[in-house]
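Numbering (our numbering), first residue to last: 21 to 128. Below is one structure, written out as structure tokens; comments come after it.
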């Protein structure tokens, strides 16, 4: 069984912040020192670049099952509809529906 290779987000964002945003290094030090989840990556990306190019970057995102479960738990916790959840995380409604079909049926 092969081990999944994930990008080293800590290294990527550390280098990025040091080279382009050195004034923000202290702000994000606590996030960079821990093992980053995909939610941390989304947060950092939004803080550094804002909402610019969100549509362009959306097609390059991928989500692991842990992150998908966190997003679906977020929906249950805050009683959001699929549309509201999709708007919050910049997803399509169809993606949310497909995740619910695939992952929530597995959970039961």
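Quick reminder that beta carbons are idealized off the backbone N, C-alpha and C, glycines included.
- Query: What number of angstroms, rounded off, separates the C-alpha of residue 95 from the C-alpha of residue 105?
  - Reply: Here residue 95 refers to the residue found at position 75 of the chain shown. Here residue 105 refers to the residue found at position 85 of the chain shown. Going by the C-alpha atoms only, they are around 6 Å apart.
- Is residue 61 near residue 29, with beta carbons less than 8 Å apart? Taking the chain shown and counting its residues from 1, one reaches residue 61 at position 41. Taking the chain shown and counting its residues from 1, one reaches residue 29 at position 9. Yes, they are a contact pair.
- Whether residue 58 touches residue 84 by CB criterion (8 Å): Within the chain shown, numbered from 1, the residue matching residue 58 stands at position 38. Within the chain shown, numbered from 1, the residue matching residue 84 stands at position 64. A contact, by the Cβ cut-off of 8 Å.
- Per-residue DSSP class, three states only, for residue 122: For the purposes of this step, residue 122 is taken as residue 102 along the chain shown, with counting starting at 1. Note: residue 122 maps to helix in three-state DSSP.
- Within 7 Å: the Cβ of residue 28 and any heavy atom of the ligand FAD? You won't find the ligand FAD in this model; it holds no ligand whatsoever.
- Starting from the Cα of residue 43, find the closest Cα among 32, 68, 51, 26 and give me that residue. To locate residue 43, count along the chain shown from 1; it is residue 23. Out of 32, 68, 51, 26, 68 has the C-alpha closest to the C-alpha of residue 43.
- Pairwise C-alpha distance: residue 56 and residue 111: By 1-based counting over the chain shown, the position of residue 111 is 91. By 1-based counting over the chain shown, the position of residue 56 is 36. When rounded, the distance between both Cα atoms is 21 Å.
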